[in-house]
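Only one structure is covered here, and it is reproduced in the block below.
Okay, here's the thing in structure tokens:
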């Protein structure tokens, strides 16, 4: 029995095309894997940054509440000019506060420690004198569970709190407090 060769045999036409196709598919899968790995790492970094900023926000908010309690409960005395121990005189104009919170002169006041996770952070805050305001015409008795303030003139303070985590997340919060 004699076999006849098949004319146009596929062996004669194949020159490694399958190898090239497989290598191209492998290259595409590798690039896809690297891209998904980078995306996963980026999402992990973003989640860590959001958590760190949240911690810093909580500490700054605690500092803001501490300063508001000081303004509410005590007689707040202010220096003639500048800032001392977290109390700031009425500003005459815009002053450069880029380095204020890193100031070695201690113009701010450091609040009580706030435990956050494995560590505890201390907020910094200042209370600024904003002068007096008239309470006339303002809704001074909104909350009926508290006594109504009847004085015609009230002190206004701007309270600014600052918190920074060791990872570098910084938050500054401000509120106006009228007493």
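Residue numbers (the UniProt record's numbering): 1 to 179. Beta carbons: idealized from backbone N, C-alpha and C, even for Gly. In this text, all values refer to a predicted model and were calculated from it rather than measured experimentally.
1. Per DSSP, residue 115 is paired with what?
2. Determine the closest residue to residue 112 out of 163, 37 and 22, with distance taken between C-alpha atoms.
3. Counting beta carbon pairs with one atom in the segment 108-127 and one in the segment 81-90, are three or more of them shorter than 8 angstroms?
4. Can you give the Cα-Cα distance for residue 63 and residue 174, rounded to whole angstroms?
5. What distance in whole Å lies between the Cβ atoms of residue 59 and residue 25, which are believed to be in contact at a cut-off of 8 angstroms?
6. Could you have a look at residue 75 and say whether DSSP puts it in helix, strand or coil?
7. Residue 155 to residue 79, Cα distance in whole Å?
8. Within the same chain, show all residues whose beta-carbon is closer than 6 angstroms to that of residue 165, passing over the 5 residues directly before and after it, in chain order.
9. Please state whether the Cβ-Cβ distance between residue 153 and residue 133 is less than 9 angstroms.
10. Would you list the one or two residues that DSSP bridges to residue 130?
11. Sort 122, 107 and 72 by Cα distance to residue 181 and report the nearest one.
12. Looking at the structure shown, is residue 81 part of a helix, part of a strand, or coil, going by DSSP?
13. Do the CB positions of residue 107 and residue 131 come within less than 9 angstroms of each other?
14. Quick check on residue 36: does DSSP put it in helix, strand or coil?
Quick look at the numbers:
1. 120
2. 163
3. yes
4. 10 angstroms
5. Rounded, the Cβ-Cβ distance is 52 angstroms, inconsistent with contact.
6. coil
7. 16 angstroms
8. 52, 55 and 56
9. yes
10. The partner list for residue 130 (beta bridge, DSSP) is empty, contrary to what the question assumes.
11. Here the chain comprises residues numbered 1 to 179, so residue 181 is not present and cannot be evaluated.
12. coil
13. no
14. helix
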